[in-house]
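Chains as they are written, first to last, in this note's numbering: chain U, 1366 to 1626; chain G, 305 to 545. Structure first, commentary second.
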Amino acid sequence: MIDRDMAPLLQVSDLSRHYGGQVGCEDVSFELYPGEVLGVVGESGSGKTTLLKCIAGLLPPSAGTVSFDTRVDGPRDIYAMSEPERRMLMRTDWGIVFQNPREGLRMNVSAGANVGERLMAVGARNYGEIRGNAVDWLTKVEMDLGRIDHLPETFSGGMQQRLQIARNLVTQPRLVFMDEPTSGLDVSVQARLLDLIRGLVRQLGIACVVVTHDLGVVRLLSHRLMVMRGGRVVEHGLTDQVLDDPQHPYTQLLVSSILPV
Amino acid sequence: MTQPSQTSDVEEMIQVEGLSKGFTLHNQGGIRIPVLENVSFTVKRGECVVLAGASGSGKSTLLRSIHANYLAEAGSILVRHDETWVDLVGAPPHLVLDIRERTLGHVSQFLRVIPRIGALDLVAQPLLTRGFDETAAQRRAEEMLERLAIPRALWALPPATFSGGEQQRVNIAMTFARDYPILLLDEPTASLDAGNRQAVIDLIVEARDRGVAIVGIFHDAFVRDAVGTRTYTVDSARKAA
């Protein structure tokens, strides 16, 4: 449920990122409210991953600002923060679920430690509590607890993604970024993961930015939709309105290109 | 918040004023299909307005525009939300979602199935955010599924495998389990047999008599006569074009 009475959690203003002479993304502005899920769609090279990296604190923009409503100090420009402050934010109030689990997990420590590590980074020291928390979250993402001491290396792609989600949610972040969270998975595994994400996001009231090229994913997960092409946002609105009554030529092409099942 | 253009009647729930809607097909040489032109009508509490007109005249387009699923091109669509008039045309997405959550119920022709969620939970879950506790939500959902004759054996199963008629009844149960002040109904009885059709008619009539403002498309004359209080004929803008 979106909380309308609160200030925006994230405010992105006139954001651009160039790579030399190349445009990554250009002049993007939007607000995200607590509990709101924003989908970003577009073909490869449309700038959606560049945008995600910029707003997630991983890639400084060439121009524009990203402001996050911090618990203590209110809205702050994340690139005006000190490096330790930003890192702390990324470990506590933010989560990032990467397309490639290798980027988001530590492959050489156990599943339980992957979840516990994030808690220790914010000061948890009691082994029993950390372990209990890890078990709790691994259960929520439907992991077989018999695998808690195994390395993620030995997990299937779907299990690795569920472990990434547990690792991110254990600190109860208010904002989670997801980059193609379900691509590369079998359709049945995708459905299970999507359903899990949908349930957790709604229960916990987490705001999300989900980047994907899959319109089915945004239809199921997101309240609002942004369509990108050539680094620019060409259309932005309520998800079902953008998908059912697309206005921009590119969105019309995208929607009409879905193969009926 | 916008004020209504006419003298405000406390009984009015929807005011559509000068609504126009067409479609531009950019990938088919930019063809423009006008559908609705300058449509105006109002709906009061306790009314069930039946949208009439030939196939292709724009009945569904009108209903979808009121649901803000289609983007109006001109005019205004005012709905009474928490005793304030809100114009759905140009309203920000989070406000539209809030209106759909609490004021504007909609029964579409097809159920959008969510994988892995059982029929009973599908009906009960949305009630939890509306002040029902777990037990009350469960009871209300059971009551609705029972009224709509969904076999008890199916309640725990996700509706993906249900028949068309069963899916449609789950869809109706989801919307009617909640007390929306406004209901938009798009062919709610299309794939139902006579017995189930009567159950849906009863639900609509009860809602209407409780003061819900209803707009609907009903191709079945029997249903139309049973629930409708008034007809609004949608004229195709295409004739003029």
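Heads up, the beta-carbon is just placed ideally off N, CA and C, and yes, glycines get one too. All values reported here derive from a predicted model rather than from experimental measurement.
query	result
Looking only at DSSP bridge pairs, what is Cys352 of chain G linked to?	G:Ile518
Using DSSP bridges, identify the partner residues of His410 of chain G.	G:Leu488
Is Ile1340 of chain U helix, strand or coil by DSSP?	Beyond the ends of chain U as shown, which are 1366 and 1626, falls residue 1340 of chain U; an answer cannot be given.
Candidates G:Gln319, G:Ala395, G:Thr479, G:Gln502: which alpha carbon is nearest Val411 of chain G's?	G:Thr479
Check whether the Cβ atoms of Arg1557 of chain U and Asp1392 of chain U sit closer than 8 Å, and answer yes or no.	no
Just the Cα atoms here: how many angstroms apart are Gly1549 of chain U and Arg1471 of chain U?	20 Å
Near Val531 of chain G, which residues of its chain fall below 8 Å by C-beta distance, leaving aside the five closest residues on each side in sequence?	Cys352, Val354, Ile505, Ile508, Val509, Arg512, Ile518, Gly520, Phe522
For chain U, find out if any of its Cβ atoms is closer than 8 Å to the Cβ of Leu375 of chain G; answer yes or no.	yes
Quick one: is Val1487 of chain U buried, meaning 16 or more other Cβ sit within 10 Å of its Cβ, or exposed?	exposed
How would you label Val1437 of chain U, buried or exposed, when you count the other beta carbons within 10 angstroms and need 16 or more for buried?	exposed
Measure the Cβ-Cβ separation of Tyr1559 of chain U and Val1574 of chain U and say whether it is below 8 Å.	The amino acid occupying residue 1559 of chain U in the given sequence is Leu; Tyr does not appear at that position. Not in contact: Leu1559 of chain U and Val1574 of chain U (Cβ atoms no closer than 8 Å).
So what's Gln319 of chain G in DSSP terms, helix, strand or just coil?	strand
Short of 8 Å in beta carbon distance, which residues of its chain neighbour Arg1456 of chain U, apart from the five on each side in sequence? Order them along the chain.	Arg1483, Ala1486, Val1487, Thr1536
Need the endpoints of the alpha helix (DSSP H) that Phe526 of chain G sits in, please.	525-531
So, with DSSP's three-state summary, where would you put Phe1520 of chain U?	coil
Output, in sequence order along the chain, the residues in the segment 1392-1410 of chain U whose CB is closer than 7 Å to any CB in chain G.	Tyr1398, Glu1401
To the nearest angstrom, how far is the alpha carbon of Met1508 of chain U from that of Ser1475 of chain U?	13 Å
Around the C-beta of Asp402 of chain G, are 16 or more other C-beta atoms found within 10 angstroms, so that it is buried, or is it exposed?	buried
Relative to the alpha-carbon of Ser364 of chain G, which residue among G:Gly326, G:His330, G:Lys348 has its alpha-carbon at the smallest distance?	G:Gly326
Got a sec, what are the start and stop residues for the beta strand (DSSP E) Glu1391 of chain U sits in?	1387-1397
Which partner residues does Val1592 of chain U have in the DSSP bridge list?	U:Val1406, U:Glu1600
By Cβ distance below 6 Å, which residues in the same chain neighbour Tyr484 of chain G in space, the five residues on each side in sequence not counted?	Gly409
Mind pulling the chain G residues with CB within less than 7 Å of Arg1639 of chain U?	The structure shown does not extend to residue 1639 of chain U, since chain U spans only 1366 to 1626, so no value can be given for it.
In this structure, does DSSP put Asp1610 of chain U in helix, strand or coil?	coil
In its own chain, which residues sit with a C-beta less than 6 Å from the C-beta of Met1593 of chain U, not counting the 5 before and 5 after it?	Gly1407, Ser1411, Gly1412, Lys1413
So, under 8 Å CB-CB, Ala1499 of chain U and Ile1461 of chain U are touching, yes? Tell me the CB distance rounded to an integer number of Å.	Wrong, their Cβ atoms sit about 19 Å apart, outside the cutoff.
Runs of 4 residues minimum, wholly inside the segment 1525-1575 of chain U: which ones carry the alpha helix (DSSP H) assignment?	1552-1569
Following the continuous beta strand (DSSP E) through Ser1381 of chain U, name the residue where it begins and the one where it ends.	1375-1384
Beta-carbon within less than 6 Å of Met1591 of chain U's beta-carbon, same chain only, minus the 5 sequence neighbours each way: which residues are those?	Val1405, Val1598, His1601
Using a cut-off of 9 Å between C-beta atoms, extract the partners of Asp1560 of chain U located in chain G.	Ile418, Pro419, Arg420, Ile421
Less than 8 Å between the beta carbons of Met317 of chain G and Val400 of chain G, yes or no?	no
Who pairs with Leu329 of chain G in a beta bridge, going by DSSP?	G:Ile335
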